[in-house]
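Structure, as structure tokens:
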Amino acid sequence: MLEIVAETLRATIAVGLILAGILAILIWVKNLTRKLSAMRLFIQIVSVAVIFLGLIIGPFGLDQWAYLGTAPRDIVVGTNILGSPYPDGLTVPTFSCYYASGRTATCVVWQLQSYLFPDYATSNVYLTTGIERLAIATGFLVIFSLIFGRFLCGWICPFGLYMDLLTRLRKALKIKHWTLSERTNEMLKQSRYLIIAAFLILSFILGMNAIAGIELVSESELGRYLEIPFCQVCPAKPLFVLVESGLGYMDIDYALSRTIGDFALTGWYLTSINIVILGIVTVGSFMVRRLWCRICPLGGLIAIFSRFGPFKRLSPIKITKVEEKCTKCGICKRVCPPQVTDVYEEKGGDVTVSDCILCFRCVEMCPYEGCLKVEVAGKPIYKSKNWLNEEE
Amino acid sequence: MASKIEKEPKYIPEMAQSEIDELNKSIKAASIKVIEDNIERMKKTWKNRPKAMEYFDEISNLFGKRAKELEEQKAAGKKIIGYSCIFAPIELILAADAIPVRVGSGWYDTAKLGDRIMPVEICPVIRSTVGAKMVSLSPYLELSDAIVIPLTCDGRTKLSEMLSDFKPIWYMNPPRVKDDTHTLDMWKKEILVIKEKIEKLTGNKITRQKLKEAIEKMQQATKAFRRLQELRKGAPVINGRDAMLVNQTSLWDDIERWTQKVNELCDELEKRVEQKDYSSYPDTPRVMITGTPMIWPDSWKVPNLIEESNPQGVVVVDEQCSSDRILYDPVGVDEWNMSDMLNAISERYIMACTCPCFTSEHGNEDRINWIIDRIKEYKVDGVIYYVVRGCILYAMEYARIKKVLDKMGIPVYYLDTEYTREDVGQMKTRVEAFLEMLEARIDI
């Protein structure tokens, strides 16, 4: 029974991915220069392929998973940072999940949590201390956030692509989307920081045995999970692991058998909470555009290092608005996937805010020549234009 | 043509049928003469007027080709839905296979008839429209099966009451404050109500596909319209009056045919740009008109004065709901489902609009931004702030606009007038003085 399910899932996902790829290429060939959204979809697909390169190019036929460090199929880059061994690979602030094998880089949230406690310092996998690795991870986080900001969310993040594909499916089915009230949106936005604080503190406390000798959680399977608390609720983890299983690079029976049970009972790859949250986010982001982005702690982390304080001035990618050209028609507000209102409300100048994922949909849809501009380091590279001239 | 009236009209006094017929005949004859005269004057100033303009000259006759077409289409079972103001959602009317047509009137003679029920302080557009109804003058108003009246100003509010004795009136209640989500929600509901009413009258359901087609039709019109406006940015290849006439005919013409004709005109004009075949000298003072709508045919007296005076001026752009604002903003649809299309339509008609009937936290800032942007884009030398007596909202906003323009160093002239031909001589002196001053500034 389980095998039939597994085979069906595998086949469906494989066919779906191939179709999506063909579709994306067709859209791209037709409109690359005209439509920013099509270009974005293309870059998203390429990014996912690069992030999970091992899934595509192999090597196949090996074990999928290793207890620590890199799995045989991982093609991790950046394992040596300035002479310091860094076996989990380049830190990027996107959902390039640690749990799915075949990745080239690693999600910053996993690294922050696992390096916060020096548990692994005792194991022979790491030759550096937790603090050293934490410094490297934070360094990468700051650099990436500063250079790209939440451009990573809109154009690179694999989970963002998943939500965009759901939106495209909904659009194709001509179902209207739900709009969250401004209050709910604001609440979700603020709770990002609570989640960040919560997982950092939790992983610190739960991994305390190595620091203070107090063992809060025994060195059991469950214990290893709780040391990395956020990943056990993250919706991206089950998605990538399931896709990977579906594609046949991992035994899906294993993943399934390990997730059956109570909510509290955890499996090796996935927790039941993971799967439930993925279900909720999937249904939610089918109805609400980019739902997860509004609460995503990863997005919050990027926002902290790109949209606040001195970082705001240094961050090069910006959306700017010319006050006089704006008629306040409200299109930018309506088309924004995470429902950012600031582009509409701000009078002019820099209108980029922490919840903007820099997808530039507003710039693409603004019908007034040169009203909204995308600026990189002060140079405009893309601006709104009279898009009526481009339609058939 | 007269609709059946069973109860006594609430406002309009009883008039003998013979008097109505006589007035109708004489005003109609006078109006046709004014239309012909206006076209003659446009031709005189612009010697080699493009061939494509002939179509617009023809369609500009309010009693001519288009009125006959509407009559035929009405006889064939199509519904005609009139509207008094550009807040009415045209896309919905088109999607239900009905014909939208603007019914506000600009006849000076009928304004005098309106004086019989209203004091002269009232906005002459309203007096003129009611006067036209009294003698059944306007073919569009008479042919309408229903009239959409957005209650933008006080005048229109009572106008809807006066006309309600003759036609089914569909009121639309636009919010006066734009920036709030709840006011927009209210307007969205108004749009839904109008949609239902249109569906009920025409018997056609507005489906997703039809609405999409209607939106695309209007987008094409906007595209052509913007193309024409773009041509006015450089040295004048089209006189302001002609462009204003083209813009205004879109209010009663078949929109697809109009789009096609405008594109033909633009093709011709684009060739002229290459040949440097200008309609006026390139150093003619460039004037912008803002304020009360100028309604064809009688209100053409002001642009006529500007473009015929000595020194001559050319109207390169305006900020009026009778011309540049009609089609400038497109309906921007994100997702082609019913809900988003309706949202896009409701936002386009209210959020992008710069009518002075709005206010917000920062005042009607959109209008000021629009004017500043136009001045820069079209290299405007001076602004004529046109107000007909009784148009309170435009008159009140003058002080603020003047402050902004003074800061920019752009001269602005407050030109107040009435629906009368008697002040032409006196206005000529005022306009000429203003243009002379502009020319002096250019020479420096």
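Protein chains in written order, with my numbering: chain L, 1 to 392; chain W, 1001 to 1444. Glycine included, each C-beta is placed from N, C-alpha and C at the ideal position.
Which same chain residues, not among the five before or five after residue i, have their C-beta less than 8 Å away from its C-beta?
| i | result |
| --- | --- |
| P85(L) | T79, Y126, L127, T128 |
| V288(L) | H177, W178, T179, L180 |
| G393(L) | Residue 393(L) lies beyond the residue range present for chain L, which begins at 1 and ends at 392; the question has no answer from this structure. |
| T341(L) | E182, K333 |
What does residue i touch in chain W if you count any residue whose Cβ is under 7 Å from its own?
| i | result |
| --- | --- |
| M187(L) | The contacting residues do not exist; M187(L) stays about 16 Å from chain W at best. |
| R133(L) | Result: empty, since nearest Cβ-Cβ is about 44 Å, beyond 7 Å. |
| K171(L) | E1335 |
Please work out which residues of its chain come closer than 7 Å, Cβ to Cβ, to residue i, disregarding the five sequence neighbours upstream and downstream, and give them in chain order.
| i | result |
| --- | --- |
| T1045(W) | N1239, E1307, E1308 |
| L202(L) | P229 |
| L398(L) | What the structure shows of chain L is the stretch from 1 to 392, and residue 398(L) is not part of that stretch, so it cannot be assessed. |
| K1074(W) | I1080, L1143 |
| C366(L) | I331, C332, L372, S384 |
| K1205(W) | E1199 |
| F311(L) | L146, F305 |
| S1280(W) | P1236, N1239, Q1312, V1314 |
| E1264(W) | A1052 |
| C1355(W) | T1152, C1321 |
Spatial neighbours of residue i within its chain, please: C-beta separation below 6 Å, excluding the five flanking residues on both sides.
| i | result |
| --- | --- |
| L1438(W) | P1285, D1381, G1382 |
| I1126(W) | G1155, L1159 |
| C231(L) | W110, K237 |
| R1041(W) | N1304 |
Less than 8 Å separating the beta-carbons of residue i and residue j?
| i | j | result |
| --- | --- | --- |
| K1133(W) | L1141(W) | yes |
| K1217(W) | Y1055(W) | no |
| L373(L) | T320(L) | The residue you asked about is not Leu; residue 373(L) is Lys in the sequence shown. Taking 8 Å as the Cβ cut-off, K373(L) and T320(L) qualify as a contacting pair. |
| Y1394(W) | V1387(W) | yes |
| W1187(W) | I1350(W) | yes |
| E1365(W) | I1215(W) | no |
| T1417(W) | M1408(W) | no |
| M1118(W) | K1212(W) | no |
| I1032(W) | D1057(W) | no |
| A1030(W) | D1115(W) | no |
So residue i contacts chain A; which residues on that side make the cut at Cβ distance below 7 Å?
| i | result |
| --- | --- |
| N386(L) | Going by chain labels, chain A is absent from the structure shown, which instead holds the protein chains L and W. |
What do you get for residue i, buried or exposed, if any count of 16 or more other CB atoms within 10 angstroms of its CB means buried?
| i | result |
| --- | --- |
| Q1229(W) | buried |
| L1192(W) | exposed |
| G1104(W) | buried |
| L26(L) | exposed |
| P1174(W) | buried |
| D1283(W) | exposed |
| K347(L) | exposed |
| T266(L) | Note that T266(L) has pLDDT 43, beneath the 50 cutoff, so the model's placement of it is unreliable and the number below is only indicative. By the 10 Å Cβ count, T266(L) comes out buried. |
| D1180(W) | exposed |
| S1018(W) | exposed |
| Y162(L) | buried |
| R1441(W) | exposed |
| F308(L) | exposed |
| D164(L) | buried |
| G1082(W) | buried |
Using a Cβ cut-off of 8 Å, pull out every chain W residue sitting near residue i, in sequence order please.
| i | result |
| --- | --- |
| P367(L) | D1329, P1330, G1332 |
| E364(L) | None at all; the shortest Cβ gap to chain W is about 10 Å. |
| E323(L) | N1369 |
| I381(L) | Those do not exist, as I381(L) stays about 22 Å from chain W at its closest Cβ, beyond 8 Å. |
In chain L, what lies closer than 7 Å to residue i by C-beta?
| i | result |
| --- | --- |
| A1337(W) | For the sequence presented, residue 1337(W) should be read as Asn rather than Ala. Within chain L, the residues near N1337(W) are K174, I175, K176. |
| W1370(W) | T327 |
| D1366(W) | T327, K328 |
| A1088(W) | Neighbours of A1088(W) on chain L: none; closest Cβ ~17 Å, over 7 Å. |
| Q1209(W) | Within 7 Å Cβ-Cβ: nothing; Q1209(W) doesn't reach chain L, min ~10 Å. |
| M1351(W) | K328, C329, G330 |
| D1165(W) | None at all; the shortest Cβ gap to chain L is about 37 Å. |
List, in order along the chain, the chain W residues whose C-beta lies closer than 9 Å to that of residue i?
| i | result |
| --- | --- |
| N389(L) | K1223, R1226, R1227 |
| V340(L) | Ordered by position in chain W, no residue passes the 9 Å Cβ test against V340(L), which lies about 14 Å from the chain. |
| R334(L) | G1332, D1334, D1340, N1343, A1344, E1347 |
| I357(L) | Per Cβ cutoff of 9 Å: no residues; I357(L) is ~16 Å from chain W at best. |
Given that residue i touches chain L, what residues does it touch there, using C-beta distances under 8 Å?
| i | result |
| --- | --- |
| E1308(W) | By Cβ distance, chain L contributes nothing, its closest Cβ being about 32 Å from E1308(W), past 8 Å. |
| T1445(W) | This structure does not reach residue 1445(W), given that chain W is present from 1001 up to 1444, and the question cannot be answered. |
| T1354(W) | T327 |
Between the segment 133-142 of chain L and the segment 334-352 of chain L, can you find at least three pairs of beta-carbon atoms closer than 8 Å?
no
Does the pairing of the segment 291-302 of chain L with the segment 1290-1303 of chain W give three or more beta-carbon distances under 8 Å?
no
Between the segment 1312-1320 of chain W and the segment 1046-1053 of chain W, do three or more beta carbon pairs fall short of 8 Å?
no
Three or more C-beta pairs below 8 Å linking the segment 1090-1110 of chain W and the segment 1246-1253 of chain W:
The answer is yes - the segment 1246-1253 of chain W touches the segment 1090-1110 of chain W, with three or more Cβ pairs under 8 Å.
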